[in-house]
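Protein chains: 2
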Amino acid sequence: MKFTFQNPVQIIFGAGTLDRLGEAVRAHGTKALVVTGGGSVKRNGTFDRAVASLNAAGVSVVECSGVEPNPRLSTVVRGADLARRKACDVVVALGGGSTMDAAKVMAAVVFFEGDPWEMFPHGQANRRLPDRALPIVTVPTLAATGSEMNAGAVITNEKTTIKSFVTAGCLYPKVAVVDPELTASVPKDQTAYGVCDLITHVTESYFNGVDGTPLQDRIVEGIILTAMEWGPKAVADGNDIEARAQVQWASVVALNGWAQVGTFGPYPVHMIEHTLSAHHDIAHGAGLAIVNPAWMRVAARTRPARFAQFAQRIFGITPKHPDDAEAASEGIDRFEAFLRSIGCPTRLSEVGIGEELLDKFAEDTVLVAHDEEGRLPGRPALTPSEIVEVLRSAL
Amino acid sequence: MKFTFQNPVQIIFGAGTLDRLGEAVRAHGTKALVVTGGGSVKRNGTFDRAVASLNAAGVSVVECSGVEPNPRLSTVVRGADLARRKACDVVVALGGGSTMDAAKVMAAVVFFEGDPWEMFPHGQANRRLPDRALPIVTVPTLAATGSEMNAGAVITNEKTTIKSFVTAGCLYPKVAVVDPELTASVPKDQTAYGVCDLITHVTESYFNGVDGTPLQDRIVEGIILTAMEWGPKAVADGNDIEARAQVQWASVVALNGWAQVGTFGPYPVHMIEHTLSAHHDIAHGAGLAIVNPAWMRVAARTRPARFAQFAQRIFGITPKHPDDAEAASEGIDRFEAFLRSIGCPTRLSEVGIGEELLDKFAEDTVLVAHDEEGRLPGRPALTPSEIVEVLRSAL
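Protein chains in written order, with my numbering: chain W, -17 to 377; chain H, -17 to 377.
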């Protein structure tokens, strides 16, 4: 185990903490680009409360609304231009993962010279990471992405239909104001997708990371067990703020690095899902619910012991021996059944995707991430035809 | 669940990372006060390697050696005077918890006007927290304290025989260089005490924190299970660097806040132990091994369900009902047996403490920490006579 780790984000967590936004932002700037998504924060009053808190602290507001799901590069460029033109000195993201990701990259594009798509890996040689960004403050309105407390962002280049990611130290928010009350109005389906999203963040490192990280394994298992205990309660009653809080805290910890530190795993399930949601406007969490169990079944063939441990520690299934493929398989079935029980789709047909584009999905996936032999990194690495096999099994 | 959290420490973890000390320190200063303990780092070559790395990076060294176990206020003042006189601009702690704690407070005392004991709570009204310190870089040579990645320190005032603690944002190290190879020469007994120390850090918040922190519970349980799996291996073979690494990572996470965030629990077992080791030069971890099970048996009377959960999740004991006092008791017995199995004392008589000073210990404990009714904070709060009862049961 060898690694370097630092997560400097200050987190202000709890019901009602939105009212502390102004004070949090004021420590970093006086003119905020406030980035929002499709309008729900306006309809439910969150935007007005945020602006009131900012203004009361002496922070003026420049509005940048309309960040779409699977946010586009052109939207990021539009926001950065606005921030530059209006001389904003801080960026506030008020929304879900798409809004936060877009806002984080906007904050960096303000200082980035040349084509911002060069921040993202997509087959080109001349990748350049950003090294400077406006201070960022995140206010998530959805428990899912973990973007509020990490240095990553996923953006889609609509010209090429490629969805790609960037991670850079300057993208760490200064502060994350995490108020579970803001998620009370999230509908059941989106709540369920968020639960799936957060679980998938940690199954990726659990199944694809290096060997010999037992404490990280335990933290991952703790996140999954917490999400499985409280997720169904949040889906059943959106106004159960206790459940909302537990799910949201689990979603923060699922991707702030505490579970992944030193594991260095690639994210094959995310890579495959990104190609689906780049071509179809399906919710990221719904796509993950379809891809993850299908991927697990293929991966379990080469590493049954790992999946048997998952079955044992998450579902209490006792393997007959360490490599018990039957226990491994039962664990995956139980996991898929859990996703279905909270309302996630687990078949491509449920979201209107047929077999027409499977080859294209596989091709796009390895374009964004591939090893020297052209395979998708992971345990095991997958050839394009194996990616097609994963997707075909989920039709 | 409502909290604010930030741990900005950069951690560089892994076998061989001592060689990166110079580079890590150079980012924060050019003249380092290098603080060490009783001399083992000199005998085993660690000190020379550290100085070589510092010098190679262009950092000059001012040596402050001789920090004693249960470090004294006068030692802290001596170090701070030296740092001021020699115009050091960074403090490097190379040693165990005592060395790191002393070094952290030295870094703050450099800028602190007036009596440094006023940083510490000990019954006086005019407590003043430090708000500025020289940059601190920690290099732990023992897996136990967690001091390398947190903002706390414990110091003994030898004039009053009071051991007390301070926590302040400016005491966060800038960098923790955590190299498990440096712990290979730690003898069996100290290794075992370290395992007990790290476990006790998390049992405190687990048993004394607020209700409703299920993910934190899971993280605590993960830390304990990891320590119980790898601790005995590190005790059995000190050169098992894999075991040393797992124990050390568990010790870092046990007190860097990831497990405690939002739990707000007092540390009654530590408070009681501090009075023992302020009067007797016993190892802190050994004292904890004696006090913790005894405290648990008293605390389990009022909250059997909590201890039954501990018994179930750590030892696989199935409670017959949530409040099963028998399961709770069996879990505590198993925990005490684990401590004994790795070589920890669990009775005061084993470390030469009789019943003479029990009243004095109880009195000193509530002097450092007490609620409005004069009881030691915890679940449950304990009167001085109940503290005596805890200690008497461990004679």
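We treat Cβ as the ideally placed atom computed from N, Cα and C, and that holds for glycine.
Other residues of its chain near W:S259: CB distance less than 6 Å, five sequence neighbours each side excluded: The sequence position of residue 259 of chain W within the first sequence is 277, counting from 1. Answer for W:S259: N52, H266 and G269, listed in chain order.
Member of H:W240, H:L197, H:V217 and H:N238 whose CA lies at the smallest distance from the CA of W:Q228: Start at 1 with the first residue of the first sequence, and residue 228 of chain W comes out as number 246. Of the listed residues, the one whose Cα sits closest to W:Q228 is H:L197.
Where W:L36 sits in the DSSP three-state scheme: In the first sequence, counting from the first residue as 1, residue 36 of chain W sits at position 54. Three-state DSSP puts W:L36 in a helix.
Beta-carbon proximity check, H:M(-17) vs W:G(-4), cutoff 8 Å: If you number the second sequence from 1, residue -17 of chain H lands on position 1. If you number the first sequence from 1, residue -4 of chain W lands on position 14. Taking 8 Å as the Cβ cut-off, H:M(-17) and W:G(-4) qualify as a contacting pair.
Inter-residue CB distance, H:A225 and H:A236 (contact presumed, cutoff 8 Å): Against the second sequence, residue 225 of chain H aligns to sequence position 243. Against the second sequence, residue 236 of chain H aligns to sequence position 254. With 8 Å as the limit, H:A225 and H:A236 do not qualify as a contact, their Cβ atoms being about 16 Å apart.
Cutoff 8 Å: W:V121 Cβ touching any chain H Cβ: In the first sequence, the residue the question calls residue 121 of chain W occupies position 139. Not an interface residue.
W:G244 at chain H interface by Cβ criterion, 8 Å: Reading the first sequence from its first residue, position 262 is the one you call residue 244 of chain W. Closer than 8 Å to some Cβ of chain H, the Cβ of W:G244 qualifies, so yes.
Proximity to W:L116 [Cα-Cα], best of W:I137, W:V136 and W:F93: As a first step, residue 116 of chain W must be located in the first sequence, where it is residue number 134. Checked all of W:I137, W:V136 and W:F93; the closest Cα to W:L116 is W:F93.
Best match in H:D1, H:R109 and H:R54 for proximity to H:D83 [C-alpha to C-alpha]: Within the second sequence, residue 83 of chain H is the residue found at index 101, counting from 1. Ranking H:D1, H:R109 and H:R54 by Cα distance to H:D83 puts H:R54 first.
Proximal chain H residues relative to W:R200, where beta-carbon distance stays under 7 Å: As a first step, residue 200 of chain W is located in the first sequence; it is residue number 218 there, counting from the start. Ordered by position in chain H, the residues that pass the 7 Å Cβ test against W:R200 are G204, L207 and T208.
DSSP state of W:K215 mapped onto helix, strand, coil: For the purposes of this step, residue 215 of chain W is taken as the residue at position 233 of the first sequence. W:K215: helix per DSSP, three-state reduction.
Coil, strand or helix - H:P286 by DSSP: What you label residue 286 of chain H is simply residue 304 of the second sequence in a count that begins at 1. Residue state, collapsed to three classes: helix.
Beta bridge counterpart(s) of H:P122 as assigned by DSSP: Within the second sequence, residue 122 of chain H is the residue found at index 140, counting from 1. Answer is H:G77, bridged to H:P122.
Coarse secondary structure for W:L111, derived from DSSP in three states: Within the first sequence, the letter at position 129 stands for residue 111 of chain W. W:L111 falls in the coil class under three-state DSSP.
Counted within 10 angstroms of its Cβ, other Cβ atoms place H:S323 as buried (16 or more) or exposed: Looking up residue 323 of chain H in the second sequence gives position 341. Under this definition H:S323 is an exposed residue.
Distance, W:P359 Cα to W:H352 Cα: For this step, residue 352 of chain W is matched to residue 370 along the first sequence. For this step, residue 359 of chain W is matched to residue 377 along the first sequence. Distance between the alpha carbons of W:H352 and W:P359 is about 6 Å.
Residues bridged to H:K13 (per DSSP): Reading the second sequence from its first residue, position 31 is the one you call residue 13 of chain H. In DSSP, H:K13 forms a bridge with H:S42.
Cβ distance (whole Å) where W:A150 is taken to contact W:A133 below 8 Å: One-based indexing of the first sequence puts residue 150 of chain W at position 168. One-based indexing of the first sequence puts residue 133 of chain W at position 151. Their Cβ separation, rounded to whole angstroms, is 6 Å, which keeps W:A150 and W:A133 in contact under 8 Å.
Cα-Cα separation between W:R285 and H:E332, rounded to whole angstroms: Taking the first residue of the first sequence as position 1, residue 285 of chain W is located at position 303. Taking the first residue of the second sequence as position 1, residue 332 of chain H is located at position 350. Going from the Cα of W:R285 to the Cα of H:E332 covers about 48 Å.
Neighbourhood of W:Q294 by C-beta distance below 8 Å, restricted to the same chain and skipping five residues each side: Translated into the one-based positions of the first sequence, residue 294 of chain W becomes position 312. T300, P301, A309 and G313, listed in sequence order.
Where W:S233 falls, given that 16 or more other Cβ within 10 Å makes a residue buried: If you number the first sequence from 1, residue 233 of chain W lands on position 251. W:S233 comes out buried.
Inter-residue CB distance, H:I144 and H:D346 (contact presumed, cutoff 8 Å): For the purposes of this step, residue 144 of chain H is taken as the residue at position 162 of the second sequence. For the purposes of this step, residue 346 of chain H is taken as the residue at position 364 of the second sequence. Yes, they are in contact, since the Cβ atoms of H:I144 and H:D346 sit about 7 Å apart, within 8 Å.
Cβ-based neighbour list, H:R288, same chain, cut-off 7 Å, excluding 5 preceding and 5 following: Walking along the second sequence from the start, residue 288 of chain H turns up at place 306. Around H:R288: F189.
Continuous beta strand (DSSP E) stretch holding H:P402: start and end: This structure does not reach residue 402 of chain H, given that chain H is present from -17 up to 377, and the question cannot be answered.
Integer Cβ distance of W:S56 from W:T12, believed to fall under 8 Å: Here residue 56 of chain W refers to the residue found at position 74 of the first sequence. Here residue 12 of chain W refers to the residue found at position 30 of the first sequence. 28 Å between Cβ atoms; not a contact.
Cβ-based contacts, 8 Å cut-off: residues of the stretch -17 to -6 of chain H near chain W: M(-17), K(-16), F(-15), T(-14), F(-13), Q(-12), N(-11), P(-10), V(-9), Q(-8), I(-7) and I(-6)
Other residues of its chain near H:T81: CB distance less than 7 Å, five sequence neighbours each side excluded: As a position in the second sequence, residue 81 of chain H is number 99, starting the count at 1. So the list reads V17, T18, G19, V49 and A75, once near-sequence residues are dropped.
8 Å Cβ cutoff met for H:I230 and H:P169: Here residue 230 of chain H corresponds to residue number 248 of the second sequence, with the count starting at 1. Here residue 169 of chain H corresponds to residue number 187 of the second sequence, with the count starting at 1. It should be pointed out that residue 230 of chain H corresponds to Gln in this sequence rather than to Ile. Not a contact, by the Cβ cut-off of 8 Å.
Residues of its chain near W:P304, where Cβ-Cβ distance is below 6 Å and the 5 sequence neighbours each way are ignored: Reading the first sequence from its first residue, position 322 is the one you call residue 304 of chain W. Sequence-distant partners of W:P304 (beyond 5 residues in either direction) whose C-beta falls short of 6 Å from its own C-beta, in its chain, are A287.
Sheet register partners of W:I358 (DSSP bridge): As a first step, residue 358 of chain W must be located in the first sequence, where it is residue number 376. Looking at the sequence provided, one finds Leu at residue 358 of chain W rather than Ile. The partner list for W:L358 (beta bridge, DSSP) reads W:L364.
Neighbour-count burial assignment, W:I141, 16 or more Cβ in a 10 Å radius: By 1-based counting over the first sequence, the position of residue 141 of chain W is 159. According to the sequence provided, residue 141 of chain W is Lys. The question's Ile does not apply to it. Under the 10 Å beta carbon count, W:K141 is surrounded by fewer than 16 other beta carbons and is classified as exposed.
Under 8 Å by beta carbon: chain W residues contacting H:L197: Here the question's residue 197 of chain H lines up with position 215 in the second sequence. By Cβ distance, chain W contributes G204, I205, T208, Q228, W231, A232 and V235.
Pair within 8 Å by beta-carbon distance, W:G61 and W:L111: The residue given as residue 61 of chain W occupies position 79 in the first sequence. The residue given as residue 111 of chain W occupies position 129 in the first sequence. The criterion of a C-beta distance shorter than 8 Å is not satisfied by W:G61 and W:L111.
Neighbour list for W:A(-3) in chain H, Cβ cutoff strictly below 9 Å: As a working note, residue -3 of chain W is residue 15 in the first sequence. Those are M(-17) and K(-16), listed as they occur along chain H.
Among H:P98, H:R25, H:A271 and H:V59, nearest to H:T123 - alpha-carbon criterion: Your numbering for residue 123 of chain H matches position 141 in the second sequence. Nearest option by C-alpha distance: H:R25.
C-beta contact flag for H:V159 and H:T28 at 8 Å: Within the second sequence, residue 159 of chain H is the residue found at index 177, counting from 1. Within the second sequence, residue 28 of chain H is the residue found at index 46, counting from 1. No, the pair does not count as a contact, with Cβ atoms beyond the cut-off.
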